[in-house]
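Notes follow once the structure below has been shown.
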C-alpha cells in the first residue's frame, strides 16, 4: 500500500503558484520523498525528490517539514501544460527502493 | 535511444492466448519495475527487480502473470490465458539502485494490451 495521503483534486489559476500537499506520517529515517506526475496518456515523469532538506530544480520546489511527516510540492508559475495527476511517493534506498504509487492529486490549471 | 524502450507499443490478443511484453531498461540501471494502468485508474505495481536480489512479486495479481529479467537487463512480462480484465497499459521503468542517494525512475511509453 502507498504510504502517502494526498487530496484527490486541486485547481490552480494559470500563472499562480500551485502548492500540492502530501502527508507521509509513517516515513522512516532512510526513506526519500519523491514526486512524479502523469500527463494524460503519457508515462509518469519524475519531478523532484528529497530526504530532509528543501530542494529546488528547474521544474519545482519541494518543502519537507522538519519532522518529515509531510511535504509540499510547489510549481511556482503553473501553466496549462502542468495539468496532470501528481504522485507523492515514499521510497527507501537500496533493496527498499520499490516505487508504490497511490491515487495522486489531479491538478487542473485553469486559464 | 537512451530511454526505456517497451515493445510492442500495442497488442491485441484473443481471450485465452498468452502474451509477452518486453522492456529494455536504460543501460546500467539495475532496478526495473512493472506496472499496469487500466483506463482512468492509477498505476498498479506488479513486480520489482533489484539487482541480483530476489524480485518483489507481491503485486502480481494472479499466477497467470510472471516476469523474468535475463542478465540483469531486458525483462519480459508474460500473461498466460489472457482475460478481458487484463486489458490495460503495461508500463516499465528503470532506475539506478538507490545507494546513499535516491535516484529517479524513468518510464517507458508502455504497451497497450487489448484482450478481445
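Protein chains in written order, with this note's numbering: chain S, 1 to 111; chain F, 112 to 227. Where is the CB? At the ideal position from N, CA and C, for every residue including glycine.
Between S:16, S:8, S:10 and S:3, which has its C-alpha nearest residue 79 (chain S)'s C-alpha?
S:16
Is it true that the CB of residue 222 (chain F) sits closer than 8 Å to the CB of residue 117 (chain F)?
Taking C-beta atoms as the reference points, residue 117 (chain F) and residue 222 (chain F) count as a pair closer than 8 Å.
Where are the beta strand (DSSP E) runs, 3 residues long or more, that stay fully inside the stretch 36–86 of chain S, in chain order?
45–50, 61–64 and 70–75
Got a sec: which bits of the stretch 137–149 of chain F sit with their beta carbon under 9 Å from any beta carbon on chain S, in order along the chain?
From the stretch 137–149 of chain F, only 142, 144, 146 and 148 have a Cβ closer than 9 Å to chain S.
Go to residue 27 (chain S), then tell me how far its beta strand (DSSP E) extends in each direction, as first and last residue.
Unbroken run through residue 27 (chain S): none, as it is neither H nor E.
Excluding the 5 residues preceding and the 5 following residue 68 (chain S) in the sequence, name in chain order all residues of the same chain whose CB lies nearer than 7 Å to its CB.
27 and 52.
Going by CA-CA distance only, name the one from S:58, S:33 and S:76 that's closest to residue 49 (chain S).
Closest by alpha carbon: S:33.
With a threshold of 16 other CB atoms inside 10 Å of the CB of residue 211 (chain F), please say whether the residue is buried or exposed.
Any answer about residue 211 (chain F) is weak, because its pLDDT of 46 lies below 50 and its placement is not dependable; what the coordinates show is given next. An exposed status is given to residue 211 (chain F), since fewer than 16 other beta-carbon atoms sit within 10 Å of its beta-carbon.
DSSP state of residue 14 (chain S), grouped into three classes?
coil
Just to confirm, are residue 101 (chain S) and residue 154 (chain F) a CB contact at a threshold of 8 Å?
yes
Using DSSP with H/G/I as helix, E/B as strand and the rest coil, what is residue 211 (chain F)?
The predicted model places residue 211 (chain F) with a pLDDT of 46, which falls under 50 and marks its position as unreliable, so this point remains unresolved.
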